[in-house]
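Its first residue numbered 1, the sequence shown is counted upward by one per residue in our numbering.
A short write-up of the structure that comes next.
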Amino acid sequence: MTHYRIGLQAHNAIAFLTVLLLAVTCGSPPAGRVEGLKAFVGARLIDGTGADPINDAVLVIRDGRIESVGPATQVSVPEGALLVDLRGRTIMPGMINTHGHVGGTRGLKTDDFSEENLLRQLGLYARYGVTTVNSLGGDGLLSVGLRNEQETSALDRSRLFIAGPVVVADTPEQARIIVSENAAMGVDFIKLRVDDGLGSAKKMSPQVYKAVIEKAHEYDLPVAAHMVYLEDAEALVAADVDFLAHSIRDELAGDDFIDLMSARQIPYCPTLMREVSVFAYESIPEFFHDPYFKLEADLELLEQLTLPDRSAQIKNSESAQWYKAHLEIAMRNLKALSDGGALIAFGTDTGPPGRFQGYFEHLELSMMAEAGMSPMEIILSATRNAAKAIGRDDIGTLESTKWGDFIVLAENPLMDIENSRTIESVWIAGNKVASKR
Ligand SMILES: [Zn+2]
1 MTHYRIGLQA HNAIAFLTVL LLAVTCGSPP AGRVEGLKAF VGARLIDGTG ADPINDAVLV
61 IRDGRIESVG PATQVSVPEG ALLVDLRGRT IMPGMINTHG HVGGTRGLKT DDFSEENLLR
121 QLGLYARYGV TTVNSLGGDG LLSVGLRNEQ ETSALDRSRL FIAGPVVVAD TPEQARIIVS
181 ENAAMGVDFI KLRVDDGLGS AKKMSPQVYK AVIEKAHEYD LPVAAHMVYL EDAEALVAAD
241 VDFLAHSIRD ELAGDDFIDL MSARQIPYCP TLMREVSVFA YESIPEFFHD PYFKLEADLE
301 LLEQLTLPDR SAQIKNSESA QWYKAHLEIA MRNLKALSDG GALIAFGTDT GPPGRFQGYF
361 EHLELSMMAE AGMSPMEIIL SATRNAAKAI GRDDIGTLES TKWGDFIVLA ENPLMDIENS
421 RTIESVWIAG NKVASKR
């Protein structure tokens, strides 16, 4: 009889485990499991605050947000949580691209603003670990809709914030009208350009961009400025701009400017891969052979990008060659501003044709390392500092009450930032992002 009972208990235990396993594979929680409650255990955890990584961490997510996080000795796994064993892995916050574009690009075309295409891009960013994109210009009403519906624990694609149409105006009056229209549309940022196309175009005058900044601030909206030259960056900062959307590329910034950028913590977004994209297709770029790139690449597009005519055009383009020659200055400015305590906001300007969303973010990380930033500095620029740069306090770090947006890596990115490419899974609001196939 006793023997029989033990046998039955053992049998029950096996049956229970089987149900548990089936539930894990089928997705329906068994009795005792709390819906929306997950505990990620055993990993090394980089929380994005700049603190030392936590070994053997417990990260508890309830209904999309972080309930508790810390070492296993201090944080217990709540009853009913789905356990995800991540021993040997590293967790870091999802990357935030503070200057991307989620718009009409499909291959070389730029006019497909369908919701399907926008969601495709947000899925692509997500699979590469970019869990938030600040789309700086060219955004329409469909993007507003997507932005409005993402405050949900069911989210499993990248978060989107938008600037709407870029402000293009000849007079302060015109500029104010466009800012008001964008504000009414519900944008998160106002974007303007101060650029003479290397001497080939008319640059927005200080009078006009001052009107843009003033009007945007009336609506409490931050202004991001595209610029190329140090002189313009200095003037924009003096005019109270909130975000420098590219590297200073013409000359090295002086100490006074670096001190000012540091004191005011105005985000500086390097977009080094934007520079690379301008000249990269003058020949077949090395990354075309990278399996991590080919995972998502459209082979037909790669062929089109490097057709002989196109490559020759880039080789002969004065502007493309200017940007190529000035990339080094951009990288030296990045290092000087980073060392000087400026707020470096990770950003790539991906989205337009040939600027590959998701993959280029990983190349940008490598270029920031090449510029001389440490892995921790680079990670901070893509997590806590990026969140700060776009005015979000509910993402960017893995701390209690923030959204559960994070990446699971096979290798430690603090050892080598290229380990960002060893993504095993991406989680947004605690939901696993589906792989491509
Ligand atoms: Zn841009």
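Ideal placement from N, C-alpha and C gives every residue a C-beta, glycine not left out.
In this text, all values refer to a predicted model and were calculated from it rather than measured experimentally.
| request: May I ask you to check if the CB of Arg487 is nearer than 8 angstroms to at least one heavy atom of ligand 1? | output: Lying outside 1 to 437, the shown extent of the chain, residue 487 is not represented and no answer is given.
| field | Residue range of the unbroken alpha helix (DSSP H) whose run includes Ala216 | value | For the purposes of this step, residue 216 is identified with residue 216 of the sequence shown, where counting begins at 1. From DSSP, the alpha helix (DSSP H) with Ala216 extends over 206–218.
| task | Kindly indicate the opening and closing residues of the alpha helix (DSSP H) around Trp322. | result | Within the sequence shown, residue 322 is the residue found at index 322, counting from 1. Residues 318–339.
| query | Which of the three DSSP states, helix, strand or coil, is assigned to Met261? | reply | Taking the sequence shown and counting its residues from 1, the one referred to as residue 261 is at position 261. Of the three classes helix, strand and coil, the one that applies to Met261 here is helix, per DSSP.
| query | Just to check, is the beta-carbon of Ala245 closer than 8 angstroms to a non-hydrogen atom of ligand 1? | reply | Locating residue 245 in the sequence shown gives position 245, counting from the first residue. The answer is yes for Ala245.
| request: Might you give, ordered along the chain, the residues of its own chain that have their beta carbon closer than 6 angstroms to the beta carbon of Met445, omitting 5 neighbours on each side? | output: Absent from the model: residue 445. The displayed extent of the chain is 1 to 437, so no value can be given.
| request: Name the one or two DSSP bridge partners that Met227 has. | output: The count along the sequence shown starts at 1 and reaches residue 227 at position 227. Met227 is bridged to Val194.
| query | Hey, would you say the C-beta of Arg249 is under 8 angstroms away from at least one heavy atom of ligand 1? | reply | Along the sequence shown, one-based indexing puts residue 249 at 249. It does not: the Cβ of Arg249 is nowhere closer than 8 angstroms to a heavy atom of ligand 1.
| For Glu303, which option in Lys315, Glu282, Glu318, Tyr292 has the closest C-alpha, if you only look at C-alpha atoms? | The residue labelled residue 303 in the question sits at position 303 within the sequence shown. Answer by Cα proximity: Glu282.
| Would the beta-carbon of Ile54 fall within 9 angstroms of that of Pro78? | The sequence position of residue 54 within the sequence shown is 54, counting from 1. The sequence position of residue 78 within the sequence shown is 78, counting from 1. Not closer than 9 angstroms, so no.
| query | What are the boundary residues of the beta strand (DSSP E) that includes Met95? | reply | Here residue 95 refers to the residue found at position 95 of the sequence shown. Met95 -> beta strand (DSSP E) spans 95–100.
| query | For the region 347–411, which segments carrying the alpha helix (DSSP H) assignment without a break, of at least 4 residues, lie completely within its bounds, in sequence order? | reply | 359–370, 375–382, 384–389
| message | Taking a contact to mean a Cβ-Cβ separation below 9 angstroms, would you say Lys402 touches Asp156 in this structure? | response | Within the sequence shown, residue 402 is the residue found at index 402, counting from 1. Within the sequence shown, residue 156 is the residue found at index 156, counting from 1. No.
| query | How would you write the range of the beta strand (DSSP E) that Ser277 sits in, first residue to last? | reply | Taking the first residue of the sequence shown as 1, we reach residue 277 at position 277. Run containing Ser277: none in the beta strand (DSSP E); it sits in the alpha helix (DSSP H), 272–279.
| task | Output the distance between the C-alpha atoms of Leu295 and Gly107, rounded to the nearest integer angstrom. | result | Taking the first residue of the sequence shown as position 1, residue 295 is located at position 295. Taking the first residue of the sequence shown as position 1, residue 107 is located at position 107. Leu295 and Gly107: Cα-Cα distance of roughly 16 angstroms.
| task | Under 8 angstroms by Cβ, that's how I've got Ile96 and Ile395 pegged, so tell me the actual separation to the nearest angstrom. | result | In the sequence shown, counting from the first residue as 1, residue 96 sits at position 96. In the sequence shown, counting from the first residue as 1, residue 395 sits at position 395. With 8 angstroms as the limit, Ile96 and Ile395 qualify as a contact, their Cβ atoms being about 7 angstroms apart.
| request: Would you check if the distance between the CB atom of Leu142 and the CB atom of Leu118 is smaller than 9 angstroms? | output: On the sequence shown, position 142 is the one that residue 142 refers to. On the sequence shown, position 118 is the one that residue 118 refers to. Contact: yes.
| said: Please classify Ala280 as buried or exposed, where buried requires at least 16 neighbouring CB atoms within 10 angstroms. | reply: By 1-based counting over the sequence shown, the position of residue 280 is 280. With 16 or more Cβ atoms within 10 Å of its Cβ, Ala280 is classed as buried.
| message | Would Ala81 and Lys38 qualify as a contact pair, given that the criterion is a beta-carbon distance under 9 angstroms? | response | The sequence position of residue 81 within the sequence shown is 81, counting from 1. The sequence position of residue 38 within the sequence shown is 38, counting from 1. Contact flag set, yes.
| request: With a threshold of 8 angstroms, establish whether the CB of Leu398 neighbours any heavy atom of ligand 1. | output: Residue numbering aside, residue 398 sits at position 398 when the sequence shown is read from its first letter. Because no heavy atom of ligand 1 lies under 8 angstroms away, the Cβ of Leu398 does not count as near it: no.
| By how many angstroms is the C-alpha of Val194 removed from the C-alpha of Asp232? | Against the sequence shown, residue 232 aligns to sequence position 232. Against the sequence shown, residue 194 aligns to sequence position 194. The straight-line gap from Cα to Cα measures roughly 7 angstroms.
| task | With a threshold of 16 other CB atoms inside 10 Å of the CB of Thr348, please say whether the residue is buried or exposed. | result | On the sequence shown, residue 348 is found 348 positions in, with the first residue counted as 1. Looking at its Cβ environment, which holds 16 or more other Cβ atoms inside 10 Å, Thr348 is buried.
| Using the rule of at least 16 other Cβ atoms within 10 Å of the residue's Cβ for burial, across every protein chain shown, is Val408 buried or exposed? | Counted from its first residue, the sequence shown places residue 408 at position 408. Counting Cβ neighbours within 10 Å, Val408 comes out buried, since at least 16 surround it.
| query | Looking only at DSSP bridge pairs, what is Val426 linked to? | reply | Numbered from its first residue, the sequence shown carries residue 426 at position 426. Partner(s): Ile407.
| said: Taking 8 angstroms as the cut-off, is the beta-carbon of Thr271 closer than that to any non-hydrogen atom of ligand 1? | reply: As a working note, residue 271 is residue 271 in the sequence shown. Indeed, a heavy atom of ligand 1 lies less than 8 angstroms from the Cβ.
| Short check: CB of Ala389 to CB of Thr105, under 9 angstroms? | In the sequence shown, counting from the first residue as 1, residue 389 sits at position 389. In the sequence shown, counting from the first residue as 1, residue 105 sits at position 105. Not a contact, by the Cβ cut-off of 9 angstroms.
| query | What did DSSP end up calling Asp309 once you bin it into helix, strand or coil? | reply | Residue 309 sits at position 309 when you count from the first residue of the sequence shown. Here Asp309 sits in helix by DSSP.
| field | Which of helix, strand or coil DSSP assigns to Ser420 | value | Here residue 420 refers to the residue found at position 420 of the sequence shown. Helix, per DSSP.
| In whole angstroms, what is the alpha-carbon distance linking Gly36 and Trp427? | The count along the sequence shown starts at 1 and reaches residue 36 at position 36. The count along the sequence shown starts at 1 and reaches residue 427 at position 427. Cα-Cα distance, rounded: 13 angstroms.
| field | Contact under 9 angstroms by Cβ, Phe189 with Leu244 | value | Against the sequence shown, residue 189 aligns to sequence position 189. Against the sequence shown, residue 244 aligns to sequence position 244. Result no, Cβ atoms of Phe189 and Leu244 do not sit closer than 9 angstroms.
| query | Apart from the five residues just before and just after Ile329, which ones in its own chain have a Cβ nearer than 6 angstroms to its Cβ? | reply | Numbered from its first residue, the sequence shown carries residue 329 at position 329. Arg249.
| From what residue to what residue does the alpha helix (DSSP H) around Leu142 run? | Taking the first residue of the sequence shown as position 1, residue 142 is located at position 142. Where Leu142 is concerned, the enclosing alpha helix (DSSP H) stretches over 141–148.
| request: Sort Gln265, His326, Lys203, Val208 by Cα distance to Glu251 and report the nearest one. | output: Translated into positions along the sequence shown, residue 251 becomes position 251. The option with the nearest alpha carbon to Glu251 is His326.
| query | By how many angstroms is the C-alpha of Glu173 removed from the C-alpha of Met373? | reply | Position 373 of the sequence shown, counted from the start, is the residue given in the question as residue 373. Position 173 of the sequence shown, counted from the start, is the residue given in the question as residue 173. Taking the straight line from one Cα to the other gives about 42 angstroms.
| said: Among the candidates Lys215, Leu343, Gln207, whose CA atom is the shortest distance from the CA of Ala184? | reply: The count along the sequence shown starts at 1 and reaches residue 184 at position 184. Ranking the options by Cα distance to Ala184, first place goes to Lys215.
| For the candidate residues Glu399, Leu45, Glu286, Leu198, whose alpha-carbon lies nearest to that of Ser317? | Translated into positions along the sequence shown, residue 317 becomes position 317. The shortest Cα separation from Ser317 among Glu399, Leu45, Glu286, Leu198 belongs to Leu198.
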